[in-house]
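Asks: Just so you know, the sequences run in chain order Y and S. Residue 1 is where the first sequence starts when you use this note's numbering, and the numbers rise one by one after that. Residue 1 is where the second sequence starts when you use this note's numbering, and the numbers rise one by one after that.
There are 2 protein chains.
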Amino acid sequence: MQIKISELRSLIIKILSKENYSVEEAEKMADVYVFAEATGKNTQGILKLMGTEPAQNIKPKYAPKIVKETSVSVLIDGGGASGPLAAQVAVDTMISKAEEHGFAIAGSSNTFSSTGALSYYAHKIAKHNLIGIVAAGSPRAVAFHGGIEPVFGTNPIAFGFPTNEQPVVFDMATSAMTFYGLVRANALGQSIPENIAIDTQGNPTTDPAEAMSGALLPFDRSYKGSGLGLIVELLTGPLTGASYVFDNGDWGTFFMAFSPNLLGDVETFKKNASDLILKVKGAKTQPGQKIHIPGYDTLAESEKILEQDGSIEMEDSLIQKLKAL
Amino acid sequence: MQIKISELRSLIIKILSKENYSVEEAEKMADVYVFAEATGKNTQGILKLMGTEPAQNIKPKYAPKIVKETSVSVLIDGGGASGPLAAQVAVDTMISKAEEHGFAIAGSSNTFSSTGALSYYAHKIAKHNLIGIVAAGSPRAVAFHGGIEPVFGTNPIAFGFPTNEQPVVFDMATSAMTFYGLVRANALGQSIPENIAIDTQGNPTTDPAEAMSGALLPFDRSYKGSGLGLIVELLTGPLTGASYVFDNGDWGTFFMAFSPNLLGDVETFKKNASDLILKVKGAKTQPGQKIHIPGYDTLAESEKILEQDGSIEMEDSLIQKLKAL
């Protein structure tokens, strides 16, 4: 069924603000989930209110607070809140600082759940005419190249760049599949593709349950993917003071924003970034094929739906489930 | 044969300072090439003095100069000098600023050749107790996922992190092979591995000459590799004012450094980064296997050789060729 953005957002806010979060807090969190639904990242949307640890049931000890701050940096203690709340406080504080000083960095820690779609935060940064980098740590699920035991989380990293059109927002897990992909295949009794995961003995497996007790592989099944996973682990663990190489622990998130004005000027940057995209999209393909730029091509339409309170298509049963929460 | 670091460095300086560069400039450039040789990146070492466009023959119009500067940023106009000279001026100026302000960014443009091993610059940044990111643009050689025409350079990106031991220095091309790999295979009449490159019609090829007129594939043969190539193209082209999606043009380089002190403190960061590395290396493997962390495991030995003027093994014929330049 079609559901209006405003209706979806209201439903989510109602659920989140029932017990553990204020309406204002729930609004910040809802923005992350609604963005995910509107941009087709539906594993990062309302499913976060339905899993084994629904966001609305995570009771914070205290509201997110600043534990360290300079003119260009802020470290947020999430107070045990759900990931997106701490992340929203961190990213908003950071954007203000970056707008003033041309650069800022932020970390959030003391949260024990996913921040949701990193593309939301990278998009928000880019909409402020800043270049953004966002990375998130999570419990270990991915083996290092050559290892057979998980060490890193799926460790996504996202980048946002302003252009004269919609921003370029590129968001990728450094694992061959998201952890949710495993959970979903397991729940549905489906197998996973080959060359995605290994069992506890390091043998290739297409059984999601075996993969969950074994390990996912890095996205390129090689050392570059592991290297990028390592970068994310360093930025989100040791740098923010959160956990690293962990099962139960503190899921750190790293944010950075800087202005193209530092080296040139933002208007020229945006013009040339748009031109660069056109050149990429204009490159030759096999007959009948088109070059698809992930995190860019469909974003303009998603932005329009979000800004103009359009409607998106969602499964009836999911909406009913959401309404029943 | 074994050659002492100091002897190799002197030889390189002599060649570079013959005509187009001062001794001081040649020293800066030599450091980049010597580091590459000492760390085993020998395609980025003295071969740069021997190819079709040897570094010593690149005549700068003027010395690298600052064209834009703030307290935390610097844009270097390379004056047409060889890549490493402009890059050295950029990275040194940036490190001073980052040491004072906790963050800095730099770009270099108006250079028309490779900057050499990015790991050199990432390592230098990390040795100043800063986290570094370096990325370099180059002429188009790599197709975007789904395309059959090259759009991006091999677009390497490197990261450097201080630890209590040697830094973690991770340096990767976003292409499935370096461009030099193609040049070398072609010169030796060798074929290249499968699934690395396509010909001008987009068909898979193992012929390096066909690959050079066709295109390399992204390192993961998929959209994530292309996305990372796009990030590097945006940072090195539109951001620094250099060329993008180009054949003949200006090879931009991007540098960033920031201090772990912004969010925590550098000593705790280094301690935990070292511990993280230990945990990764301690993960289970198949019997008899070991986890290898690229850009870390052999770096301590390379640092020792560089610092204590040790010797490295190089091919006799190469040394003779170098001495004859």
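Every residue gets a Cβ at the ideal spot worked out from N, C-alpha and C, and that includes glycine. Keep in mind that this is a model prediction, so the values were computed, not measured.
Taking the alpha carbon of Val67/S as the reference point, which residue from Lys4/S, Gly107/S and Pro208/S has its own alpha carbon closest?
Replies: Nearest neighbour of Val67/S by Cα position, chosen from Lys4/S, Gly107/S and Pro208/S, turns out to be Gly107/S.
Asks: Name the chain S residues whose beta carbon is nearer than 9 Å to that of Ile105/Y?
Replies: Gly102, Phe103, Phe258, Leu262 and Leu263
Asks: Chain Y partners of Lys284/S, CB-CB under 7 Å?
Replies: Gly147, Ile148 and Glu149
Asks: Taking C-alpha atoms, which residue in Phe255/Y, Leu217/Y, Asn248/Y and Phe219/Y lies nearest to Leu234/Y?
Replies: That would be Phe255/Y, whose Cα lies nearest to the Cα of Leu234/Y.
Asks: Below 8 Å between beta carbons is the criterion; list the residues of the region 188 to 214 of chain Y that meet it against any residue of chain S, in chain order.
Replies: Gly202
Asks: Between Gln329/Y and Gly146/S, what straight-line distance do the alpha-carbon atoms span, to the nearest angstrom?
Replies: Look at the range of chain Y in this structure, 1 to 325, and you will see that residue 329/Y is not part of it.
Asks: Start and end of the beta strand (DSSP E) containing Gln2/Y?
Replies: Under the DSSP assignment, Gln2/Y falls in the beta strand (DSSP E) whose first and last residues are Gln2 to Lys4.
Asks: In this structure, what does DSSP give as the bridge partners for Asp171/Y?
Replies: Asp171/Y is bridged to Ala158/Y.
Asks: Can you give me the C-alpha to C-alpha distance between Lys270/Y and Val134/S, rounded to a whole angstrom?
Replies: 21 Å
Asks: For the candidate residues Glu100/S, Gly78/S and Ile148/S, whose alpha-carbon lies nearest to that of Ala283/Y?
Replies: Among Glu100/S, Gly78/S and Ile148/S, the Cα nearest to that of Ala283/Y is on Ile148/S.
Asks: According to the neighbour-count rule (16 or more other Cβ atoms, all chains shown, within 10 Å of its Cβ), is Val23/Y buried or exposed?
Replies: With fewer than 16 Cβ atoms within 10 Å of its Cβ, Val23/Y is classed as exposed.
Asks: Could you name the residues of chain Y that Asp92/S contacts, counting a contact when the two beta carbons are closer than 7 Å?
Replies: Neighbours of Asp92/S on chain Y: none; closest Cβ ~17 Å, over 7 Å.
Asks: Starting from His292/S, find everything on chain Y with Cβ-Cβ shorter than 7 Å and list it in chain order.
Replies: Gly146
Asks: Who are the Cβ neighbours of Ser311/S in its own chain at under 8 Å, not counting the five residues just before and after it?
Replies: Gln2, Ile3, Lys4, Ile5 and Ile305
Asks: In chain Y, which residues lie less than 7 Å from Phe159/S when you measure between Cβ atoms?
Replies: Ile231
Asks: Does DSSP classify Glu19/S as helix, strand or coil?
Replies: coil
Asks: Run the proximity test for Gly102/S: is its beta-carbon closer than 8 Å to any non-hydrogen atom belonging to the ligand MG?
Replies: Ligands in the displayed structure: none, and consequently the ligand MG is not present.
Asks: Gln88/Y to Thr253/Y, Cα distance in whole Å?
Replies: 11 Å
Asks: Measure the C-alpha to C-alpha separation of Ile293/Y and Tyr21/S and round it to an integer number of angstroms.
Replies: 43 Å
Asks: Quick check on Ser108/S: does DSSP put it in helix, strand or coil?
Replies: strand
Asks: For chain Y, is any of its Cβ atoms less than 9 Å away from the one on Asn272/S?
Replies: So yes, Asn272/S belongs to the interface.
Asks: Looking at Leu130/S: is its Cβ nearer than 9 Å to the Cβ of Phe246/S?
Replies: It is not a contact, given that the beta carbons lie outside the stated cut-off.
Asks: With distances taken from CA atoms, which of Pro208/Y, Thr285/Y, Tyr296/Y and Glu165/Y is nearest Thr39/Y?
Replies: Tyr296/Y
Asks: Anything in chain Y within Cβ reach of Tyr50/S, meaning under 8 Å, just list it in chain order.
Replies: Rather than Tyr, the amino acid found at residue 50/S in this sequence is Met. Residues of chain Y passing the Cβ test: none, with the nearest at roughly 28 Å.
Asks: Going by C-alpha to C-alpha distance, which of Ser73/Y, Lys48/Y and Pro162/Y sits closest to Ala300/Y?
Replies: Answer by Cα proximity: Pro162/Y.
Asks: Mapping DSSP to helix, strand and coil, what is Asp31/S?
Replies: helix
Asks: Could you run through the region 231 to 253 of chain Y and flag, in chain order, every residue whose CB is less than 7 Å away from some CB of chain S?
Replies: The region 231 to 253 of chain Y vs chain S, Cβ under 7 Å: Ile231, Glu233, Leu234, Gly237, Pro238, Leu239, Thr240, Gly241, Tyr244 and Val245.
Asks: Throw me the rounded Cβ distance for the Ile12/S and Leu318/S pair, which I believe falls under 8 Å.
Replies: Not confirmed; about 12 Å, so no contact.
Asks: For the region 170 to 182 of chain S, list every residue whose C-beta sits within 8 Å of some C-beta in chain Y, in sequence order.
Replies: Phe170 and Met172
Asks: With a floor of 4 residues, list each alpha helix (DSSP H) that falls wholly inside the region 190 to 241 of chain S, ordered by position along the chain.
Replies: As far as the region 190 to 241 of chain S is concerned, its whole alpha helix (DSSP H) runs of at least 4 residues are 208 to 213 and 223 to 236.
Asks: When the Cα atoms are used, what is the spatial distance from Leu8/Y to Ala143/Y?
Replies: 37 Å
Asks: For Pro156/S versus Lys127/S, is the C-beta spacing smaller than 9 Å?
Replies: no
Asks: Could you compute how far the alpha carbon of Thr205/S sits from the alpha carbon of Asn42/S?
Replies: Pairing Thr205/S with Asn42/S, the inter-Cα distance amounts to about 26 Å.
Asks: Could you please give the first and the last residue of the uninterrupted alpha helix (DSSP H) stretch that includes Asp275/Y?
Replies: Val266 to Lys281
Asks: Compare the C-beta of Leu228/S with all C-beta atoms of chain Y and state if any pair is closer than 9 Å.
Replies: yes
Asks: Taking the Cβ atom as the reference point for each residue, do Gln56/S and Leu325/S lie within a distance shorter than 9 Å?
Replies: Yes, the pair counts as a contact, with Cβ atoms nearer than the cut-off.
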